[in-house]
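Trainee: Can you read through this structure? Questions will come right after.
Protein chains: 2
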Amino acid sequence: MDIANEVRVLCESAKRASHSIALASEDKKNKLLSRIAELLLENAESIISANKLDLASAEENGVAKAMLDRLMINDSRIKGIADSLYSVVALDDPIGKGDVWSRPSGITLRRVRVPLGVVGMIYEARPNVTVDSAALCLKTGNAVVLRGGKEAINTNKEFVRSIKLALSECGFDEGAVGLITSTSRESANALMSMRGLVDVLIPRGGKGLIRACVENSKVPVIETGAGNCHLYVDESADLEKALKIAVNAKCSRPSVCNAIETVLVHRAVAEKFLPMLKSAFDGYSVEIRGCADSCEILEGIKLATEEDFETEFDDYIVALGIVDSLDEAIEHINKYSTGHSEAIVTENMKSADRFQNEIDSVAVYVNASTRFTDGGEFGFGAEIGISTQKLHVRGPMGLYALTTEKYLVTGDGAVR
Amino acid sequence: MDIANEVRVLCESAKRASHSIALASEDKKNKLLSRIAELLLENAESIISANKLDLASAEENGVAKAMLDRLMINDSRIKGIADSLYSVVALDDPIGKGDVWSRPSGITLRRVRVPLGVVGMIYEARPNVTVDSAALCLKTGNAVVLRGGKEAINTNKEFVRSIKLALSECGFDEGAVGLITSTSRESANALMSMRGLVDVLIPRGGKGLIRACVENSKVPVIETGAGNCHLYVDESADLEKALKIAVNAKCSRPSVCNAIETVLVHRAVAEKFLPMLKSAFDGYSVEIRGCADSCEILEGIKLATEEDFETEFDDYIVALGIVDSLDEAIEHINKYSTGHSEAIVTENMKSADRFQNEIDSVAVYVNASTRFTDGGEFGFGAEIGISTQKLHVRGPMGLYALTTEKYLVTGDGAVR
Chain A
1 MDIANEVRVL
11 CESAKRASHS
21 IALASEDKKN
31 KLLSRIAELL
41 LENAESIISA
51 NKLDLASAEE
61 NGVAKAMLDR
71 LMINDSRIKG
81 IADSLYSVVA
91 LDDPIGKGDV
101 WSRPSGITLR
111 RVRVPLGVVG
121 MIYEARPNVT
131 VDSAALCLKT
141 GNAVVLRGGK
151 EAINTNKEFV
161 RSIKLALSEC
171 GFDEGAVGLI
181 TSTSRESANA
191 LMSMRGLVDV
201 LIPRGGKGLI
211 RACVENSKVP
221 VIETGAGNCH
231 LYVDESADLE
241 KALKIAVNAK
251 CSRPSVCNAI
261 ETVLVHRAVA
271 EKFLPMLKSA
281 FDGYSVEIRG
291 CADSCEILEG
301 IKLATEEDFE
311 TEFDDYIVAL
321 GIVDSLDEAI
331 EHINKYSTGH
341 SEAIVTENMK
351 SADRFQNEID
361 SVAVYVNAST
371 RFTDGGEFGF
381 GAEIGISTQK
391 LHVRGPMGLY
401 ALTTEKYLVT
411 GDGAVR
Chain B
417 MDIANEVRVL
427 CESAKRASHS
437 IALASEDKKN
447 KLLSRIAELL
457 LENAESIISA
467 NKLDLASAEE
477 NGVAKAMLDR
487 LMINDSRIKG
497 IADSLYSVVA
507 LDDPIGKGDV
517 WSRPSGITLR
527 RVRVPLGVVG
537 MIYEARPNVT
547 VDSAALCLKT
557 GNAVVLRGGK
567 EAINTNKEFV
577 RSIKLALSEC
587 GFDEGAVGLI
597 TSTSRESANA
607 LMSMRGLVDV
617 LIPRGGKGLI
627 RACVENSKVP
637 VIETGAGNCH
647 LYVDESADLE
657 KALKIAVNAK
667 CSRPSVCNAI
677 ETVLVHRAVA
687 EKFLPMLKSA
697 FDGYSVEIRG
707 CADSCEILEG
717 IKLATEEDFE
727 TEFDDYIVAL
737 GIVDSLDEAI
747 EHINKYSTGH
757 SEAIVTENMK
767 SADRFQNEID
777 SVAVYVNAST
787 RFTDGGEFGF
797 GAEIGISTQK
807 LHVRGPMGLY
817 ALTTEKYLVT
827 GDGAVR
């Protein structure tokens, strides 16, 4: 069977399965998720073996250190994945919820949340996305077709084996979760062309992947997560706070989308702050690529190129720029940002307000780390991704993002 | 200046204007809308003269009767448009509304509604869309770039002249509302390519227009309004109700998207209902195109082709089919429908429930006319279109549909 055909068959199975899972009760869906958690824990050994194969080929292919961390699965991470399944069980199911009202014309309207139908996911290295996505889709009565990256294919196959077993044990159609086993560009393109079978496509990964989906997909796309995030240290910043936030936002997990890639510093505090920053970043072996002015203050750092300011490094690398004003910082950020998360450190509330109002990103922080942009940290429970587009939902996407609405209208012969 | 350039310049002006209108107070925006209403009434004479030019060329080009009705502007319709501006003034502005919560991590989140930015509209004959769209966009702090149809170009220019005058009188940037004067396909394509300048594209019109936007646009699209709507008369229907609903849904305004295009009748009531239906439809000169079985009951009607069941006639034409069961009716509708509005007439509540649950359309009616699918009839105030897609918003789109959200997060050095 060729690749386009494999994808079409999986999507058709998902479409068929979507009709029955859409009508399943919350209780039945929760039992399914709990059973998936149990089976993942039971099958930990075979999952970790499969993951070792993936890690070995990734290392062979010279994959970056931060990326290897994203790919790795061990006992404690499986425990974490199972815990996140239980946390999805604990979340309220939005399906069927809604409101009712009547109109003078004689009609009564019920607006109810319904599943989107079939969700397509295209993602890269992190295999936990496989389970997290399936859990959120199933909880909201959606079927899902997964197309993960080649780096994690063995791990993903093991995960989906447990999920399908749980589906079947709990009386669901196994087609509700499909994994595309081909990880070529052709299989991604095939999934993007499944208009009529797939209701929404959610890409998770780097800028290139997101752009390819946005530009080529015939299926509606939710743009997610490309995160060229910025930290701006204002002239009135508390430099100790600034340092703590910079280190957290860059070094606590550099491979994720809410980590910062560029630090901008007001010229008035640059002489003092830059050496503090370099000394802290040296402790994490962060490579600093600075503008010409910052290279004069910090001897021996690399000169940043235009491209460095455009890049989501996802690694222990940071771009550094000195700016003359808040305006210059805002302009720089609105030019280079992917619209994800940006932070200002300042004790001047006027500057804070202007920064929050004029920066057009999902989350705009004052005196806090960009690392908080996350469904769990925001209090939404699990997330299927972070939308950086303006339509449908913006920011961390929980269960609600996987639903749409429908109007059920009744009358007794009402006409307009 | 070539067409692509004209479009780019208008979009750049809109983008610039969007920054200031986004920050305007509700009061200031309401004054603007009221002033537009006043100016339209003052300029009624020149608007109607321009509209006469449009009507004359449309008639010359053999435009269908129902379409001429959509195009026509007279004093009472200008009064109606002014009234709808005042009704937008009366609606609550969603901008800046939202909620606030804190997290144990030490951050406080404010989630606020913000404008989308720049809205692109591509639409066909109805010139009132020009004013309605501008009003809804301006009220929500958005700029808008309008690309109407060639049939209404003179009327649209007059409308936009009044709008720009009001913008300038009220201290706004005139670029906030732009009208593309070229009505070629090239200008539509240029607007679809303005990614980065235009935040969302809302096409309003026939199936061909919508499909062209969905397939070609690089800007996110909200699919609207193509309405191949159905009425199903169940075996347990009250036939008087069915007749009243059929006549209302087909004949009260056949050119609009929530009018029905196909009537399906259960075989058990066909012998009795079809002659009633024909006699009522004859009073409105509705041409009936029936399936083979209905042609045996109603002598002299035209035999329907497959294409007739796929067609949104927007005219005094209806397709008619006899079905053997509720299942067959549901299957037919899910196959041919554009997902807009469908109705069942039945006294059997089990059939009603099944119909509402299994039909995957925006609005599913029991014993009521599909003509109710409308922002005003649903109680939302004005609407900018009826979304037939599942993402962002489904059904009649009011002010809320023209906004997105943003998270403003504050801490005091909070890190994760």
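Protein chains in written order, with the numbering used here: chain A, 1 to 416; chain B, 417 to 832. All residues carry an ideal CB built from backbone N, CA and C; glycine is no exception.
Report the residue from B/R529, B/N750 and B/R577 whose alpha carbon sits nearest the alpha carbon of B/T556.
Mentor: It is B/R529.
Trainee: Nearest by alpha-carbon distance to A/T404: which of B/E703, B/D776, B/T786 and B/A798 is it?
Mentor: The residue with the shortest Cα to Cα distance from A/T404 is B/D776.
Trainee: For a contact defined as C-beta to C-beta under 9 Å, what are the partners of B/P510 on chain A?
Mentor: What B/P510 touches in chain A: nothing, since even the nearest Cβ is about 14 Å away.
Trainee: Please decide whether A/A119 counts as near chain B, where near means a Cβ-Cβ distance under 7 Å.
Mentor: One point to set straight first is that residue 119 of chain A is Val, not Ala, in the sequence displayed. Closer than 7 Å: no.
Trainee: Jot down the residue ranges of each uninterrupted alpha helix (DSSP H) in the segment 471-527 of chain B, minimum 4 residues, whole runs only, in chain order.
Mentor: Entirely contained in the segment 471-527 of chain B, the alpha helix (DSSP H) runs reaching 4 residues are, in chain order, 481-487 and 491-506.
Trainee: Hey, how far is the Cα of B/F796 from the Cα of A/E287?
Mentor: Distance between the alpha carbons of B/F796 and A/E287 is about 54 Å.
Trainee: Please report the residue range of the alpha helix (DSSP H) in which B/D443 lies.
Mentor: That run of the alpha helix (DSSP H) goes E442 to E458.
Trainee: Could you say which of B/I511, B/S668 and B/T826 lies nearest to B/L525 if we only look at CA atoms?
Mentor: Of the listed residues, the one whose Cα sits closest to B/L525 is B/T826.
Trainee: To be precise: take each residue of the segment 790-810 of chain B, compare its Cβ to all Cβ atoms of chain A, and keep it if any distance is under 7 Å. Which residues remain?
Mentor: Within the segment 790-810 of chain B, the residues whose Cβ lies closer than 7 Å to some Cβ of chain A are E793, F794, G795, Q805, K806, L807, H808 and R810, listed in chain order.
Trainee: To which residues of the same chain is B/N544 closer than 6 Å at the C-beta, ignoring the five residues directly before and after it?
Mentor: If we look at B/N544 and ignore the five residues flanking it on each side, its Cβ neighbours are I497.
Trainee: 7 Å is my cut-off, CB to CB: does B/K718 come that close to chain A?
Mentor: By this cut-off, B/K718 is not an interface position.
Trainee: Along the segment 595-616 of chain B, what residues have a CB closer than 8 Å to any CB found in chain A?
Mentor: Within the segment 595-616 of chain B, the qualifying residues are D615 and V616.
Trainee: Secondary structure at B/A830, three-state DSSP: helix, strand or coil?
Mentor: B/A830: strand per DSSP, three-state reduction.
Trainee: Check distances from the C-beta atoms of the segment 623-651 of chain B to those of chain A and list, in chain order, the residues that come in under 9 Å.
Mentor: Listed by position, the residues of the segment 623-651 of chain B near chain A (Cβ gap below 9 Å) are V630, E631, K634, P636, V637, I638 and E639.
Trainee: Counting only beta-carbon separations shorter than 7 Å, does B/K688 have a partner in chain A?
Mentor: It does not; no Cβ of chain A falls within 7 Å.
Trainee: Considering B/V547, what are the terminal residues of the beta strand (DSSP E) in which it resides?
Mentor: First-last for B/V547: N544 to K555, but that is the alpha helix (DSSP H), not the beta strand (DSSP E).
Trainee: Run down chain A in chain order and give the residues with a C-beta less than 9 Å from the C-beta of B/I579.
Mentor: Within chain A, no residue comes near B/I579; the closest Cβ sits about 24 Å away, beyond 9 Å.
Trainee: By Cβ distance, which residues of its chain are closer than 7 Å to B/K580, with the 5 residues on each side in sequence left out?
Mentor: The answer, listed in chain order, is E590 and V593.
Trainee: Using CA coordinates, which residue listed in B/D828, B/R832, B/G829 and B/L824 is at the minimum distance from B/G514?
Mentor: Of the listed residues, the one whose Cα sits closest to B/G514 is B/L824.
Trainee: Taking B/R519 as the query, report the chain A residues whose CB atoms sit under 9 Å from its CB, ordered along the chain.
Mentor: Near B/R519 (Cβ distances below 9 Å), the residues of chain A are F372, E377, F378 and G379.
Trainee: By how many angstroms is the C-alpha of B/S436 removed from the C-alpha of B/D485?
Mentor: Computed Cα separation, rounded: 38 Å.
Trainee: Return helix, strand or coil for A/L277, following the three-state DSSP convention.
Mentor: Residue state, collapsed to three classes: helix.
Trainee: Are any of the Cβ atoms in chain B nearer than 7 Å to that of A/S279?
Mentor: No, no contact with chain B.
Trainee: Measure from the alpha carbon of B/E631 to the alpha carbon of each residue in A/A143, A/S193, A/T346 and A/V362, then state which is nearest.
Mentor: B/E631 has its Cα closest to that of A/S193, out of A/A143, A/S193, A/T346 and A/V362.
Trainee: Hey, B/V561 and B/V614 are a contact pair by Cβ (cut 8 Å); roughly how many whole angstroms apart?
Mentor: Yes, they are in contact, since the Cβ atoms of B/V561 and B/V614 sit about 7 Å apart, within 8 Å.
Trainee: From what residue to what residue does the beta strand (DSSP E) around A/R289 run?
Mentor: Its beta strand (DSSP E) spans residues E287 to G290.
Trainee: Check the DSSP bridge columns for A/K241 and list the partner residues they point to.
Mentor: Beta-bridge pairing links A/K241 to no other residue.
Trainee: Since B/T804 and B/V778 should fall inside the 8 Å C-beta cutoff, what is the C-beta to C-beta distance between them, to a whole number of angstroms?
Mentor: The Cβ separation is near 6 Å, so the contact holds.
Trainee: If you compare alpha carbons, which of A/R147, A/H392 and A/I301 is closest to A/S285?
Mentor: That would be A/I301, whose Cα lies nearest to the Cα of A/S285.
Trainee: Give me the chain B residues within the contact set of A/D412, using Cβ-Cβ distance strictly less than 7 Å, ordered along the chain.
Mentor: Near A/D412 (Cβ distances below 7 Å), the residues of chain B are N783.
Trainee: Can you grab the Cα-Cα spacing for the pair A/K65 / B/A628, in whole Å?
Mentor: Straight-line Cα distance between these residues: approximately 45 Å.
Trainee: Classify A/R354 as helix, strand or coil using the three-state DSSP reduction.
Mentor: Helix at A/R354.
Trainee: For A/R416 and chain B, any beta-carbon pair shorter than 7 Å?
Mentor: Taking Cβ atoms only, chain B reaches closer than 7 Å to A/R416, which makes this a yes.
Trainee: At 7 Å on the CB atoms, spell out the chain E contacts of A/I107, in chain order.
Mentor: Among the protein chains of the structure shown, namely A and B, there is no chain E.
Trainee: Could you give the DSSP three-state label for B/G811: helix, strand or coil?
Mentor: Note: B/G811 maps to strand in three-state DSSP.
Trainee: Counting only Cβ pairs nearer than 7 Å, list the residues of chain B close to A/I245.
Mentor: Simply G829 and V831.
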